[in-house]
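**Student:** In our numbering, the protein residues as written are 50 to 199. Handing you this structure, nothing more for now.
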Amino acid sequence: MLKKIITAMMAMTIILSSLFTTMGEKAEAAYYHTKAISVAKANLGVPYRWGGLSPRGFDCSGLVKYSYGKAGKVLPRTAADMYYKKGYRVKSLKVGDLMFFSQNKASKPSHVAIYIGGGKMIQSSSSKGVSIASTSNSYWKPRFIGAKRF
């Protein structure tokens, strides 16, 4: 009888432990995404600078790398490396997902933005610097090649 009680308690401990670990991981991911978006938004209006990694000027991947870095996540330097080396592909966007774009569907990603919800993304574009754009924007929508979550 004592063995059954101990076995049941151990099983319950394992179940509860895995439940809280999963919940903790989700909360941690939500924190990184929220923090990264806050950092990116704090840099709205910063001019575009090719190769830029700081508030003096950002290129697209520089903004994403910087914003997630401030949130405690290390990402590769380029949009292509982020696309090929980090996270997992998703079909349905959630806040904090990285959106990738290319000149055509066959080429590697050349642009990355952070999905901020409500059909909007934050990015650094050569024409507007750090700005918010619609995901259905006539320029970006046909260039969208996929999204990744981590």
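Beta carbons are placed, not taken as given, at the ideal position from N, Cα and C, and that holds for glycine. Since the structure is predicted, the reported quantities are computational estimates derived from the model, not experimental observations.
Ignoring anything shorter than 3 residues or poking outside the stretch 134–179, list the beta strand (DSSP E) runs there in chain order.
**Tutor:** Qualifying beta strand (DSSP E) stretches, in chain order: 137–139, 147–150, 160–166 and 169–174.
**Student:** Hey, which unbroken runs of the alpha helix (DSSP H) at 4 residues or more fall wholly within the stretch 83–124?
**Tutor:** Here the runs fully enclosed are 109–119.
**Student:** Where does R126 sit, in a helix, a strand or coil, going by DSSP?
**Tutor:** It is coil, neither helix nor strand.
**Student:** Does the structure place the stretch 76–93 close enough to the stretch 118–134 that three or more beta carbon pairs sit under 8 angstroms?
**Tutor:** Yes: at least three Cβ pairs fall under 8 angstroms.
**Student:** Please state if the CB of K157 and the CB of A129 are separated by a distance shorter than 8 angstroms.
**Tutor:** It is a contact, given that the beta carbons lie within the stated cut-off.
**Student:** Among the candidates G100, S110 and W99, whose CA atom is the shortest distance from the CA of A89?
**Tutor:** Among G100, S110 and W99, the Cα nearest to that of A89 is on S110.
**Student:** Taking K135 as the reference, which of F150, I194 and P125 has the closest Cα?
**Tutor:** The shortest Cα separation from K135 among F150, I194 and P125 belongs to P125.
**Student:** Would you kindly check if the distance between the Cβ of Y132 and the Cβ of K197 is under 8 angstroms?
**Tutor:** It is a contact, given that the beta carbons lie within the stated cut-off.
**Student:** If I measure Cβ to Cβ from W99 and keep anything under 7 angstroms in the same chain, skipping five residues before and after, which residues do I get?
**Tutor:** For W99, where only same-chain residues beyond five positions count, the Cβ hits under 7 angstroms are D108.
**Student:** Provide the residue span of the beta strand (DSSP E) that contains K197, from first to last.
**Tutor:** It spans F193 to R198 - the beta strand (DSSP E) in which K197 sits, taken as one unbroken run.
**Student:** From K154 to A79, what distance separates their C-alpha atoms?
**Tutor:** Using only the alpha carbons, I get a separation of about 30 angstroms.
**Student:** If you count every other CB in all the chains shown that lies within 10 Å of the CB of Y115, and 16 or more means buried, which is it?
**Tutor:** Classification for Y115: buried.
**Student:** I need the straight-line Cα distance from F193 to G101, nearest angstrom please.
**Tutor:** Going from the Cα of F193 to the Cα of G101 covers about 23 angstroms.
**Student:** Between the C-alpha atoms of S159 and Q172, what's the straight-line distance to the nearest angstrom?
**Tutor:** Near 13 angstroms, if we compare the C-alpha coordinates of Q172 and S159.
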